[in-house]
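Undergrad:
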Amino acid sequence: MERIKTALEKASANRAAGSEHLSRRSQSMGTSDSSAVQGPILYLQTRIIQPNQRTMQDHRILTGSDPVSVNAYKVLRTQVLQRLETRDWQTLGITSPTSGDGKTVTAINLAISLARELHRTVLLVDADLRSPEIHNYFGFSPEYGFVDYLRHSQPLEDVLVNPGIDRLVLLPNHRPIENSSEILASPAMGELVAQFKARYPSRLVLFDLPAVLTSDDALSFIPFIDAFLMVLRNGKTSRGETEQAFEVMKDANILGTVLNGCDTKSYA
Ligand SMILES: Nc1ncnc2c1ncn2[C@@H]1O[C@H](COP(=O)(O)OP(=O)(O)OP(=O)(O)O)[C@@H](O)[C@H]1O
Ligand SMILES: [Mg+2]
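Under numbering that gives the first Met the number 0, the first residue of the sequence shown is numbered 0, with each subsequent residue one higher.
(1) Enumerate in chain order the residues of its own chain whose CB-to-CB distance from Gly38 is below 8 Å, with the five nearest sequence positions on each side excluded.
(2) CA-CA distance, Pro186 and Pro222?
(3) On a CA-only basis, which of Thr120, Glu116, Met188 is nearest Val146? Give me that one, please.
(4) Any idea if Leu170 is buried or exposed, counting beta-carbon neighbours within 10 angstroms, 16 or more meaning buried?
(5) Run the CB neighbour count on His151, radius 10 Å, all protein chains shown included, and call it buried at 16 or more, exposed below.
(6) Relative to ligand 1, is the shortest distance from any of its heavy atoms to the C-beta of Ser95 smaller than 6 Å?
(7) Return helix, strand or coil for Asp207, following the three-state DSSP convention.
(8) Would the beta-carbon of Gly144 be found less than 6 Å away from any heavy atom of ligand 1?
(9) Any heavy atom of ligand 1 within a distance shorter than 6 Å of the CB on Thr305?
(10) Looking only at its own chain, which residues have a Cβ that is under 6 Å from the Cβ of Glu19, when we skip the five neighbours before and after it?
(11) Over what stretch of residues does the beta strand (DSSP E) that includes Thr268 continue unbroken?
(12) Which residue wins for smallest C-alpha separation from Pro162, given the options Arg174, Glu181, Asn172, Phe139?
(13) Report the rounded CA-to-CA distance for Asp65 versus Val104, giving the unit in angstroms.
(14) Output needed for Lys249: all residues of its chain with C-beta closer than 6 Å, excluding positions within five of it in sequence on either side, in chain order.
(15) With a cut-off of 8 Å on the beta carbons, I'd call Asp207 and Ala106 a contact; round off their distance for me.
(16) Tell me the rounded alpha-carbon separation between Leu122 and Ala110.
(17) Does ligand 1 have even one heavy atom less than 6 Å from the beta-carbon of Arg59?
(18) So, is Asn178 buried or exposed, given that buried needs 16 or more other C-beta atoms within 10 angstroms?
(19) Does the beta carbon of Asp216 fall short of 6 Å from some heavy atom of ligand 1?
(20) Determine the burial state of Asp57: buried for a count of at least 16 other Cβ atoms within 10 Å of its Cβ, exposed for fewer.
(21) Quick one: is the Cβ of Asp127 within less than 6 Å of any heavy atom of ligand 2?
(22) Contact check, Pro96 vs Leu212 under 8 Å by CB: the rounded distance?
(23) Which class does Met229 belong to by DSSP, given the choice of helix, strand or coil?
(24) Return the first residue and the last residue of the alpha helix (DSSP H) that Leu83 is part of.
(25) To the nearest angstrom, report how far apart Ala126 and Pro209 are at their CA atoms.
(26) Among all the DSSP beta bridges, which residues are the ones paired with Thr253?
(27) Residues in the same chain with beta-carbon distance under 7 Å from Asp55, minus the five sequence neighbours each way, listed in chain order, please.
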């Protein structure tokens, strides 16, 4: 049984965030006014999909069947929440030095765990535009993806889905795109993120990003989001890769590191 060990770093500022209670049909999360990006964002008809529990388990996604993992992610959730609230931050990018370190698993499980915290609503964005995987880990095929919103003006409400978990909304993607860093760095993306933040002050927005050392996507995204979690894979990520990744992201707020794949015995 593997577990998560967290080592959260850095600190500053203060203030606590408000709370937001949403019913199941509030997948929804309210109405909206104008969008600087592409017209109003309406969450009223967010589609509910039924995720495939077996697929989730195969990918190490929390289904409630593994209390050890559930508790490990609760610890991570609480540490992340405390540090975000202290700084009045609400957007968090999940990245890592290289491919396969566990970014997507961490982003999904953290989002699920945060959504189970009753005062929070969570939006999880598949911002790994080169290799979108969130839908695969939940075991569903999105009708539309983030790319359709970005490239083809598909209304955002057509893309958003609720994976059958209260207070959690996904912005999935279904096919890879080129020049992803240009898109992530574009003013339109900045406006979209600003809009996510402004409209729902107590919502947390998580972005599953590519690795720091394989593309400049995470680097390009620094100006738009509050902080990053750096996922390291136990027994895989080298010290050199870790140092390089932190060097590349030196202008970012690194909320902390997550050591993914720890043996239970080494958990502390
Ligand atoms: N703690 C863990 N224990 C066992 N398997 C894990 C663990 N974390 C992740 N995995 C598995 O390792 C693989 C890579 O994980 P994941 O997709 O989360 O990594 P990633 O960093 O997002 O990769 P990429 O860089 O390709 O986006 C997946 O098959 C996932 O199910
Ligand atoms: Mg990934």
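We put the beta carbon where it would ideally sit given N, CA and C, even for glycine.
TA: Taking the structure as given:
(1) Here the model assigns Gly38 a pLDDT of 49, short of 50, so the residue's position is not dependable, and the following value carries that caveat. The beta carbon of Gly38 sits closer than 8 Å to the beta carbons of Pro154 from its chain, once the five residues preceding and following it are set aside; these are given in chain order.
(2) Each residue's Cα considered, the two are about 10 Å apart.
(3) Of the candidates Thr120, Glu116, Met188, the one whose C-alpha sits nearest the C-alpha of Val146 is Met188.
(4) The residue is buried, with at least 16 neighbouring Cβ atoms inside 10 Å.
(5) Its Cβ having fewer than 16 others within 10 Å, His151 is exposed.
(6) The answer is yes for Ser95.
(7) The answer is strand: DSSP assigns Asp207 an E or B state.
(8) Checking every heavy atom of ligand 1 against the Cβ of Gly144, none is found closer than 6 Å.
(9) Any property of residue 305 remains undetermined from this structure, which presents the chain solely from 0 to 267.
(10) With a pLDDT of 28 at Glu19, under the threshold of 50, the modelled position of that residue is not reliable, and the figure given next carries that caveat. In its chain, beyond the 5 residues on either side, Thr120, Ser201 have a beta carbon closer than 6 Å to the beta carbon of Glu19.
(11) Any answer about residue 268 is impossible in this case: the structure gives the chain only from 0 up to 267.
(12) Checked all of Arg174, Glu181, Asn172, Phe139; the closest Cα to Pro162 is Phe139.
(13) If I take the Cα positions, the gap works out to 15 Å.
(14) Excluding five sequence positions before and after Lys249, none of the CB atoms of its chain fall closer than 6 Å to its own CB.
(15) The Cβ separation is near 4 Å, so the contact holds.
(16) Each residue's Cα considered, the two are about 8 Å apart.
(17) When distances are taken from the beta-carbon of Arg59 to the heavy atoms of ligand 1, the shortest one is below 6 Å.
(18) Around the beta carbon of Asn178, fewer than 16 other beta carbons sit within 10 angstroms, so the residue counts as exposed.
(19) Every heavy atom of ligand 1 is 6 Å or more from the Cβ of Asp216, so no.
(20) Asp57 is exposed by the Cβ-count criterion.
(21) Checking every heavy atom of ligand 2 against the Cβ of Asp127, one is found closer than 6 Å.
(22) Between Leu212 and Pro96 the Cβ distance is about 5 Å, and since that is below 8 Å, they are a contact.
(23) In this structure, Met229 counts as strand in the three-state DSSP scheme.
(24) For Leu83, the uninterrupted alpha helix (DSSP H) run begins and ends at 66 to 86, by DSSP.
(25) Their backbone Cα atoms lie some 8 Å apart in a straight line.
(26) A small fix is needed here, since residue 253 is Ile in this sequence, not Thr. Looking at the DSSP assignment, Ile253 forms a beta bridge with Phe227.
(27) The amino acid at residue 55 is misidentified as Asp; the sequence shows Met. Spatial neighbours of Met55 in its own chain (CB-CB distance under 7 Å, excluding positions within 5 residues in sequence) are listed in chain order as Thr62, Tyr136, Phe137, Gly138.
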